[in-house]
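**Q** Starting off with a structure, shown below.
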Amino acid sequence: MPACEKHSGWPDTPAQRLPRPPDHFTPANILLRELPSVAIDNQMGNPIKLVVKHNHTVMTSKETTAQLLREVVRLFIRDQRESAACMDGGQTVRCHILNELLRNGPLPQQALVERLGLDKGWISRAVDALSTEGSLTRQVNELDKRSVMLTLTAHGKARATSLDAQLNGHAETLLACVSPDQQAAFHSALQSLKCALHNPDEKSRTTCQK
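In terms of the working numbering, the sequence shown opens at residue 4 and continues consecutively.
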């Protein structure tokens with residue numbers, strides 16, 4: 004059974020409703036912090052209804068779909084960092100580098116700067132730390148002697164693979180909150196967003212088909 008179950012209808016009495024939450028406290032906070040007890044009923048562009056199973060409390064939000072997407076992404080990234088113990092800046096960069104090299108390595112160090120959109124100094128310090136830990140090696144790039152090619156060691160690959168599995172497990176736990184009859188549509192929507200992000204220019208209008 005998924006952690007979150009869908010509920011229909013609103014509570015009939017005021018006693019069953021929570022008071023208005025503070026401005027910093029949003030339904031998305033509840034969703035990602037208390038996955039076992041929260042359900043979501045959402046239509047594109049309509050207010051969101053969150054239902055707490057134990058006491059049937061509901062809250063509404065007038066967030067637009069765009070605002071909701073940004074908030075979910077922000078909280079998802081935060082929870083991914085917590086799940087992988089990548090909470091400080093330097094450690095987070097190392098996690099990004101391990102993941103990028105696992106998927107696309109070996110890579111020139113400058114390519115990491117461009118792919119991750121991070122400052123060269125952050126990348127350089129993180130690469131130094133990973134090299135010291137024995138997670139990657141640095142060699143002269145045969146295609147460009149001015150650059151350095153980064154490759155995961157056996158230790159680094161094992162570490163990156165473990166990290167990847169841990170993050171996938173966290174995502175699968177969260178996805179259990181999406182009801183089975185919505186899974187296919189949700190997967191399709193994510194594919195469309197992935198396509199758009201890989202094709203950010205005008206070509207995306209013809210490349211991404213609905």
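All C-beta atoms, glycine included, are put in the ideal place defined by N, C-alpha and C. Nothing here was measured: the structure is a model prediction, and the numbers come from that model.
1) Nearest to residue 133 by CA position, among 150, 162, 67, 144, is which residue?
2) Figure out for me which residue from 114, 97, 103 has the closest Cα to the Cα of residue 135.
3) Count the other C-beta atoms from every protein chain shown that fall within 10 angstroms of the C-beta of residue 80, then say buried if there are 16 or more, exposed otherwise.
4) Whose C-alpha, out of 89, 164, 193, is nearest the C-alpha of residue 129?
5) Taking three-plus beta-carbon pairs below 8 Å as touching, is the stretch 142–156 in contact with the stretch 108–121?
6) First and last residue of the alpha helix (DSSP H) that includes residue 86?
7) Are the CB atoms of residue 103 and residue 119 nearer to each other than 8 Å?
8) Confirm, please, whether the CB-CB distance from residue 173 to residue 83 is below 8 Å.
9) According to the neighbour-count rule (16 or more other Cβ atoms, all chains shown, within 10 Å of its Cβ), is residue 99 buried or exposed?
10) If distances are taken between C-alpha atoms only, which option among 171, 148, 101, 187 comes closest to residue 139?
11) What do you get for residue 157, buried or exposed, if any count of 16 or more other CB atoms within 10 angstroms of its CB means buried?
12) Would you say residue 105 and residue 160 are within 8 Å of each other, going by their C-beta atoms?
13) Would you mind reading off the limits of the beta strand (DSSP E) that contains residue 150?
14) Would residue 86 and residue 185 be called neighbours here (beta carbons separated by less than 8 Å)?
15) In whole angstroms, what is the alpha-carbon distance linking residue 36 and residue 143?
16) Using a Cβ-Cβ cut-off of 8 Å, state whether residue 182 counts as contacting chain C.
17) Out of 178, 202, 183, which one is the CA nearest neighbour of residue 75?
**A** Reading it off the structure:
1) 162
2) 97
3) exposed
4) 89
5) yes
6) 68–86
7) yes
8) yes
9) buried
10) 101
11) exposed
12) yes
13) 147–155
14) no
15) Since pLDDT at residue 36 reaches only 39, below the 50 mark, its modelled position is unreliable, and the value read off the structure follows with that caveat. One C-alpha to the other measures close to 45 Å.
16) Checking the listed chains, one finds no chain C in this structure; it contains a single protein chain.
17) 178
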